[in-house]
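Read through the structure below, which is laid out as structure tokens, and then see the notes.
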Amino acid sequence: VDKDGRRVFELRAQAGQTDLGRGEPSATWGYNGAHLGPTLRAKRGEQVVVNITNQLGEDTTVHWHGMHLPARMDGGPDRPIRPGETFAPRWRVDQPAATLWYHPHPHERTETQVYRGLAGMFLIDDPDTDVATLPHEYGVDDIPVMVQDKAFDDDGQLTESGRFGSEIGILGDSVLVNGVPGPYLDVTTTLVRLRLLNASTARIFNFSLSDGRPFTLIGSDGGLLDRPHQVERLMLSTGERAEVLVAMRPGERVVLRSGPPAPEGDFATRRFQGGGDRFDVLELRAAATLKPSPAVPSTLVAVPRLDPASAAETREMRFSTRDINGRKMEHGRVDAVVTRDSTEVWTVRNGHGTPHSFHIHDVQFQVLARTDGGPVPPLLSGWKDTVYLPPHEGYRVIMRFTDFADPATPYMFHCHVLRHEDEGMMGQFVVV
Ligand code: C2O
Ligand code: CU
Ligand code: CU
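In this text, residue positions in the sequence shown follow the UniProt record's numbering: the first is 98, and each later residue adds one.
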């Protein structure tokens, strides 16, 4: 915190070497180190400044995924940070307590840069939208779990080519948590809170616990849900977050796993898009005696519902081969002009058999319905900025655009399969 009370962070994007469990170091990228980046943390109401220095040999940007902030600070592809340059975005944090993240967003290079290791978490604290009795001790009972798949060649280097038949880009055969291969967590409390982030470039994870026990879903992309939900499986597509509580008994071991994302995955998805793969993600090892955690509260926080009757505008976004509504990303083209302080309803639909998703910058949305009238999973009951679009299906979502207007600087919306994004499955909107 500087003398003006601003919270100042430094991020240096750099190349390095990391032991990823392959016997020899792998070439990786990171912020302030060889791989990944620090967890940033700020309180609602705080002014933050991030001094970003680009020590890579190519352009980059840093985008604050899930953050409500002015378009000029958002790290979109229209404002590259050149090699050697420093850029210092600043904004006032004003949104509920949540698990957000940051990653590069340069034109056509997002998949590569994230895959090499440029990613980190950004946690927001806010007592008004949090529950004091939930596990809160970072690294003890409140654990960031950034999950990424990686593919390696025979020399232990990251392979960047896609798997045969993959339409979604790189699919790895090993899974890292916070950059660590074969990870385990020593659990010392009866409840452990996992802040799950799928920071893969393409892979969809469908999490469960090795003995099939249920766990408690408490939060989604934009913060806590209104109440906890017991679930046995939880699907996260790339960019999505979920906060869950796992109840542990003394001395036991249980493994967080990922298995096939049926029922949504059709045959081609299972065969070619990684949908049939299984992984052990993280082993939880309980100590012989556990400190008792407070009981899971029966309600969490207020999630005020947005009213579709108040929508000033409705739009349709159809995600097809590598475009949205038949158009690929083009600098300078604005796909939607939104009025500040208005509410909009968008129908976002996958017109295709390949997995896609919808992600929008600046706002958190609420899901109103699935386009085929089918069930909406509990993960979609709270604030979201990214949603998986099942093949040939989608969702009606509602969002409110507030505070920041800038007709000259666009925000992005796109598919968060990063290869699709790089290939042009992205549009731009301005708030005026
Ligand atoms: Cu996580 Cu526009 O991205
Ligand atoms: Cu984003
Ligand atoms: Cu896509």
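Cβ atoms here follow ideal geometry from the backbone N, Cα and C, with glycine treated the same way.
Inset, instruction - Inspect the CB distances between the stretch 159–178 and the stretch 449–464 and report whether three or more fall short of 8 Å. - result: Verdict: yes, contact present.
Inset, instruction - Measure the C-alpha to C-alpha separation of residue 303 and residue 328 and round it to an integer number of angstroms. - result: Straight-line Cα distance between these residues: approximately 12 Å.
Inset, instruction - Would you check whether ligand 3 has a heavy atom nearer than 8 Å to the C-beta of residue 514? - result: Yes, ligand 3 has a heavy atom inside 8 Å of this Cβ.
Inset, instruction - May I ask which residues mark the beginning and end of the alpha helix (DSSP H) holding residue 518? - result: Where residue 518 is concerned, the enclosing alpha helix (DSSP H) stretches over 515–519.
Inset, instruction - Report the three-state DSSP secondary structure of residue 467 (helix, strand or coil). - result: In the structure shown, residue 467 sits in a strand (DSSP, three-state: E or B).
Legend entry - Neighbourhood of residue 152 by C-beta, 8 Å cutoff - its chain only, sequence neighbours within 5 removed: When the five nearest sequence neighbours on each side are left out, the beta carbons in the same chain lying within less than 8 Å of the beta carbon of residue 152 are those of 109, 110, 111, 112, 180, 181, in order along the chain.
Inset, instruction - Using 8 Å as the cut-off, classify the Cβ of residue 319 as near or not near the heavy atoms of ligand 1, replying yes or no. - result: For ligand 1, not one heavy atom lies less than 8 Å from the Cβ of residue 319.
Inset, instruction - Identify the continuous beta strand (DSSP E) that holds residue 497 and give its terminal residues. - result: Looking at the DSSP string, the run of the beta strand (DSSP E) that includes residue 497 is 491–498.
Inset, instruction - Express the C-alpha separation of residue 123 and residue 154 in angstroms, rounding to a whole number. - result: Straight-line spacing of the CA atoms in residue 154 and residue 123 works out to 18 Å.
Legend entry - Cβ pair residue 292, residue 220 closer than 9 Å: Pairing residue 292 with residue 220 gives a Cβ-Cβ distance under 9 Å.
Legend entry - ligand 3 heavy atom lying under 8 Å from the CB of residue 426: Residue 426 Cβ: outside cutoff for every heavy atom of ligand 3.
Legend entry - Distance cut-off 8 Å: residue 482 Cβ against heavy atoms of ligand 2: It does: the Cβ of residue 482 is within 8 Å (strictly closer) of some heavy atom of ligand 2.
Legend entry - Closest Cα partner of residue 342 within the set 394, 336, 318, 376: The shortest C-alpha separation from residue 342 is found at 394.
Inset, instruction - Kindly identify the DSSP beta-bridge partner or partners of residue 381. - result: Its beta-bridge partners are 282, 351.
Inset, instruction - Check residue 407 in the structure and name its three-state DSSP category. - result: Helix, per DSSP.
Inset, instruction - Please look up how many angstroms separate the CB atoms of residue 243 and residue 485, rounded, as I've assumed it's under 8 Å. - result: Approximately 18 Å separates the beta-carbon atoms of residue 243 and residue 485; this is outside 8 Å, ruling out the contact.
Legend entry - Nearest neighbour of residue 517, chosen from 225, 501, 265, 184 [CA to CA]: Among 225, 501, 265, 184, the Cα nearest to that of residue 517 belongs to 265.
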